[in-house]
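Colleague: Take any residue in the first sequence, count from 1 to its spot, add 626: that is its number in the working numbering. Please read through the structure below; I'll follow up with questions.
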Amino acid sequence: MNPDIFIAHKAQEAVEALYGQKVELGMLQLSPTRKEFEGDYTLVVFPLLKISHLAPDATAQAIGAYITEHNPEIQSFNVVKGFLNICLSPLYWNAVLKDIASAENYGQLPSSGKTIMVEFSSPNTNKPLHLGHIRNNLLGWSVSELLAAAGHNVIKVNLVNDRGIHICKSMLAWLKTANGATPQTSGKKGDHLVGDCYVAFNDIYKKEVAELTEKYVSEGMEAEAAKELAEKNSPSLLEAQQMLFKWENGDPEVRALWEKMNSWVYEGFNKTYGDLGISFDRIYYESQTYLNGKALVQKGLDMGVLERMPDGSVWCDLTADGLDRKLLLRKDGTSVYMTQDLGTAKQRFEEYKLDEEIYVVGNEQNYHFQVLKLILKKLGFDWSDAIYHMSYGMVELPEGKMKSREGTVVDADDLINDMYRTAKETSLELGKLDGMSTEEQEQLFHMIGLGALKYFIIKVDPKKTMLFDPKESIDFNGNTGPFIQYTHARICSILRKAAEQGVDYSADKLSGNVELSAKETRIVKILAGFPDKIAEAAQAHSPALVANYAYELAKEFNQYYHETPILKESDASVMACRLALIDAISRVLRKAMGILGIQLPNKM
RNA sequence: GGUCCCGUAGUUCAACGGAUAGAAUGGAAGUUUCCUAAACUUUAGAUAGCAGUUCGAUUCUGCUCGGGACUACCA
């Protein structure tokens, strides 16, 4: 049992014995005692004053005295301004450490029986992934792993936006400007090749718009109106729209080109996903789901939730809920994005019997999800409340926002390579890789570079706009992934030394009589809180909590090792106990960082 | 205009309504008797403003001021 829950039960007994009233466990707020006070856990007694009818200090004093007297595990207590600080005995902590050391896969919570789908990444197939996608992918992946660690059955899905005018633009530009280039002949990664075509299209388009605008103005049109009209009438845009029309009608030539170019893109994406260590359980393609949801529209009309206008378009009126009117079917009967999402959500909840669905999508779509949930609710689907929009903010650069127009977009592949290269340079500079094969070194550089990137991004609260400073992220000091990786490597190094000396620190061999020091108690307390931390983080959908937890633990180790001899300890059972402690630290670090998708090296 | 999000040390980030608001980085001063100095120790430095709710507010409510997003028969 967790120490804090143990104490909560004891405090509950005390309150009942002293005041003859049973209190809920929720009333007993226990938290780890802050560093500057003496004690392991602190009970906040303010909520109990109504029951005790005593002053805060007197209440705390009474409860403290009672539990200390009646429980051998509780060694002492003190009271500071209504906060009851409780000390557990060193031998109790020894037993807790032994439990943790002997636990299989510590931090993995028992199965909840719940199924949760996480949709993330969701790229367009007309350009490569950029920094914004990286935040999306890392959040989606880590929240999935977090939920899995919390015992849920998680399905990771990717909805690829593989159809639409954007991909037609790339296709058109490829036909016009690429001279039949393929990833093989051009040596470009597939998604980059297609992305370059998209850029080429926009160049052509811009030029056409400028020319047309000038022409319209010379014909006496006002500048703004001329530009607007030119944007609509640009020949290449019309051509792209024509192409989309052909695509929708299954034109074999267009479809063949579409499939060819998309396959290039997927090849490129898979490389990037592989570098990021990301995979999916299922990939949906918008070309296969974009007709979803039309049946729901009929249902909505029958229910009177939706209304059909005279021109044939269908709307949902949300003005009574403080939102606008939302279009669901155009007057030509075709559906829009929202319609698809409604249908897709229903399909998924029914097919997988989901308990929750999480969409990892940027905060520019907050409104979209607000509307989505509301319409589903109006359509009578209770599971509407089980949809969670994991909204994340933009990633800004020191120079300002990323603007594709201004070419300030940071490409995902470039960034990954930069991280790798910097990890390599820094590591070689420090020259600690003696005896490592080239292959091991390569792996290590990748681990460190990616670890730095992932940790830097995941540790920030998703909904906040964050600043990504490539230079600073590559600084391997401080609250960073490499710091934790390095800490782990050092623990492994100590454990290797111990093994060479033939010390056995396995859990079943540990002596129960070793009293833990205050610092050791502190660390065991943190370790004991790991499962709770996982549960809390999963509840809050917040991988950042896990990141901060891992950092705290790594820092504790560094301080601990600095002041406590381990390999030089003369008492064998004490040494074994200390080794078991740092071994437990390393295992918890691996589990925690594993949730974030960050690998920890044994040497670095 | 309306809706939503954000505002914390110079900077980047923390803080279930709880104690003296924590880290990191940068600044200043120090530390190799066990692993690997990518570490450790000490030091200065912040809740945008005004009310309210209560034992207690960075956190909840209202207003003001700043920054951002959304407000398409696009996806």
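By construction, the Cβ of each residue, glycine as well, lies at the ideal position given by its N, Cα and C atoms.
Take Asn779 as the anchor and find which of Arg1122, Lys1151, Lys1050 and Tyr978 has the nearest alpha-carbon.
Modeller: Here residue 779 corresponds to residue number 153 of the first sequence, with the count starting at 1. It is Tyr978 whose Cα lies nearest to the Cα of Asn779.
Colleague: How about Asp1130 and Ala1012: are their beta carbons less than 8 Å apart?
Modeller: The residue you call residue 1130 lines up with position 504 of the first sequence. The residue you call residue 1012 lines up with position 386 of the first sequence. No; because the gap between Cβ atoms is not below 8 Å, this pair is not in contact.
Colleague: I believe Tyr1175 touches Ala1218 by the beta-carbon criterion, under 8 Å. Please report the beta-carbon distance rounded to the nearest angstrom.
Modeller: Within the first sequence, residue 1175 is the residue found at index 549, counting from 1. Within the first sequence, residue 1218 is the residue found at index 592, counting from 1. That belief holds up - the Cβ atoms of Tyr1175 and Ala1218 are roughly 6 Å apart, short of 8 Å.
Colleague: Identify which residue in Asp666, Gln687, Phe663 and Lys661 has its Cα closest to the Cα of Val641.
Modeller: Translated into positions along the first sequence, residue 641 becomes position 15. Check the Cα spacing between Val641 and each of Asp666, Gln687, Phe663 and Lys661: the tightest is with Gln687.
Colleague: Compare the C-alpha of Tyr911 against each of Ala807, Leu953 and Asn784 and name the closest.
Modeller: To locate residue 911, count along the first sequence from 1; it is residue 285. Restricting attention to Ala807, Leu953 and Asn784, the CA atom closest to the CA of Tyr911 is found in Asn784.
Colleague: By the 10 Å Cβ neighbour count, where 16 or more other Cβ atoms means buried, how is Pro1169 classified, buried or exposed?
Modeller: Reading the first sequence from its first residue, position 543 is the one you call residue 1169. Buried: at least 16 other Cβ atoms inside 10 Å.
Colleague: Could you name each continuous alpha helix (DSSP H) segment of 4 residues or more that falls completely within the region 1100–1152, going from the start of the chain to the end?
Modeller: Correct list: 1107–1126.
Colleague: Helix, strand or coil: which one does DSSP assign to Asp1037?
Modeller: Your numbering for residue 1037 matches position 411 in the first sequence. Note: Asp1037 maps to strand in three-state DSSP.
Colleague: Going by beta-carbon coordinates alone, are Leu1002 and Ser961 separated by less than 8 Å?
Modeller: On the first sequence, position 376 is the one that residue 1002 refers to. On the first sequence, position 335 is the one that residue 961 refers to. Contact: no.
Colleague: Helix or strand or just coil, what does DSSP make of Met797?
Modeller: By one-based count along the first sequence, residue 797 stands at place 171. Correct three-state label for Met797: helix.
Colleague: With 16 as the cutoff for other CB atoms within 10 Å, does Asp630 come out buried or exposed?
Modeller: By one-based count along the first sequence, residue 630 stands at place 4. Residue burial annotation: Asp630 is buried, with at least 16 other C-beta atoms found within 10 angstroms of its C-beta.
Colleague: What span of residues does the alpha helix (DSSP H) with Met1020 cover, start to end?
Modeller: Here the question's residue 1020 lines up with position 394 in the first sequence. Neither: Met1020 is in no alpha helix (DSSP H) and is coded neither H nor E.
Colleague: When every heavy atom of the ligand PLP is checked, does at least one fall within less than 7 Å of the C-beta of Tyr1175?
Modeller: Of ligands this structure carries none, so the ligand PLP is not represented either.
Colleague: Our contact map puts Phe906 next to Leu755 with C-beta atoms below 8 Å; I'd like the distance itself, whole angstroms only.
Modeller: The sequence position of residue 906 within the first sequence is 280, counting from 1. The sequence position of residue 755 within the first sequence is 129, counting from 1. The pair is not a contact, with the Cβ atoms about 14 Å apart (cut-off 8 Å).
Colleague: Report the residue from Glu854, Ala851, Ala866 and Glu845 whose alpha carbon sits nearest the alpha carbon of Asn828.
Modeller: Position 202 of the first sequence, counting from 1, holds the residue named residue 828. The candidate whose alpha carbon is nearest that of Asn828 is Ala866.
Colleague: Report the residue ranges of all alpha helix (DSSP H) runs contained in full by the region 898–931; include only those spanning at least 4 residues, in chain order.
Modeller: 912–915 and 920–929
Colleague: Tell me the start and end of each unbroken alpha helix (DSSP H) in the region 706–734 that is at least 4 residues and wholly inside, in chain order.
Modeller: 716–728
Colleague: Which runs of the beta strand (DSSP E) at least 3 residues long sit entirely within the region 766–797? Give them in chain order.
Modeller: 779–786
Colleague: Say whether the region 1126–1144 touches the region 1199–1215, bearing in mind that this needs 3 or more beta-carbon pairs closer than 8 Å, one atom from each stretch.
Modeller: yes
Colleague: Could you spell out the range, first to last residue, of the beta strand (DSSP E) harbouring Gly988?
Modeller: As a first step, residue 988 is located in the first sequence; it is residue number 362 there, counting from the start. Its beta strand (DSSP E) spans residues Glu982 to Gly988.
Colleague: So what's Gln647 in DSSP terms, helix, strand or just coil?
Modeller: The count along the first sequence starts at 1 and reaches residue 647 at position 21. Coil, per DSSP.
Colleague: Relative to the alpha-carbon of Pro1024, which residue among His818, His1072, Tyr1081 and Asp1095 has its alpha-carbon at the smallest distance?
Modeller: Mapped onto the first sequence, residue 1024 falls at position 398. For Pro1024, the nearest C-alpha among the options comes from Asp1095.
Colleague: Report the three-state DSSP secondary structure of Leu863 (helix, strand or coil).
Modeller: Counted from its first residue, the first sequence places residue 863 at position 237. Correct three-state label for Leu863: helix.
Colleague: For the beta strand (DSSP E) containing Asp1008, list its first residue and its last residue.
Modeller: Taking the first sequence and counting its residues from 1, one reaches residue 1008 at position 382. Neither: Asp1008 is in no beta strand (DSSP E) and is coded neither H nor E.
Colleague: Using 8 Å for Cβ pairs, my map puts Lys1058 next to Met869. What's the rounded Cβ distance?
Modeller: Residue mapping note: residue 1058 aligns to position 432 of the first sequence, counting from 1. Residue mapping note: residue 869 aligns to position 243 of the first sequence, counting from 1. 56 Å between Cβ atoms; not a contact.
Colleague: Return yes when the Cβ of Lys972 is within less than 8 Å of the Cβ of Leu922, no when it is not.
Modeller: Within the first sequence, residue 922 is the residue found at index 296, counting from 1. Within the first sequence, residue 972 is the residue found at index 346, counting from 1. Yes. Within cutoff.
Colleague: Leaving out five residues on either side along the sequence, give the residues of the same chain with a beta carbon under 8 Å from the beta carbon of Leu1179.
Modeller: Residue numbering aside, residue 1179 sits at position 553 when the first sequence is read from its first letter. Excluding sequence neighbours, Leu1179 sits near Ile1149, Ile1152, Leu1153, Ile1211, Val1214, Leu1215 and Ala1218.
Colleague: Considering Asp967, what are the terminal residues of the beta strand (DSSP E) in which it resides?
Modeller: Taking the first sequence and counting its residues from 1, the one referred to as residue 967 is at position 341. Segment Tyr963 to Tyr978 is the alpha helix (DSSP H) holding Asp967; no beta strand (DSSP E) there.
Colleague: Anyone know if the C-beta pair for Gly1223 and Ser768 falls short of 8 Å?
Modeller: Translated into positions along the first sequence, residue 1223 becomes position 597. Translated into positions along the first sequence, residue 768 becomes position 142. Yes, the pair counts as a contact, with Cβ atoms nearer than the cut-off.
Colleague: Do you know how far the Cα of Ala729 is from the Cα of Leu1136?
Modeller: If you number the first sequence from 1, residue 1136 lands on position 510. If you number the first sequence from 1, residue 729 lands on position 103. Spanning the two alpha carbons is a distance of roughly 14 Å.
Colleague: Suppose only complete runs of 4+ residues qualify. What are the alpha helix (DSSP H) ranges in the region 631–681, listed by chain order?
Modeller: 675–678
Colleague: Secondary structure at Gln1069, three-state DSSP: helix, strand or coil?
Modeller: As a position in the first sequence, residue 1069 is number 443, starting the count at 1. In this structure, Gln1069 counts as helix in the three-state DSSP scheme.
Colleague: In the DSSP assignment, find the beta strand (DSSP E) that holds Ile742 and state where it starts and stops.
Modeller: Along the first sequence, read from residue 1 onward, the residue named residue 742 stands at position 116. Counting along the chain, Ile742 sits inside the beta strand (DSSP E) bounded by residues Thr741 to Glu745.
Colleague: Check each candidate in Lys858, Val786, Ile1120 and Asn762 and name the one with the smallest Cα separation from Gln914.
Modeller: Within the first sequence, numbered from 1, the residue matching residue 914 stands at position 288. When each option's Cα is compared against that of Gln914, the closest is Val786.
Colleague: What's the C-alpha gap between Asn720 and Tyr645?
Modeller: Residue 720 sits at position 94 when you count from the first residue of the first sequence. Residue 645 sits at position 19 when you count from the first residue of the first sequence. Roughly 33 Å between the two C-alpha positions.
Colleague: Quick one: is Met1159 buried, meaning 16 or more other Cβ sit within 10 Å of its Cβ, or exposed?
Modeller: As a position in the first sequence, residue 1159 is number 533, starting the count at 1. First, the amino acid is wrong: residue 1159 is Lys here, not Met. Label assigned to Lys1159: buried.
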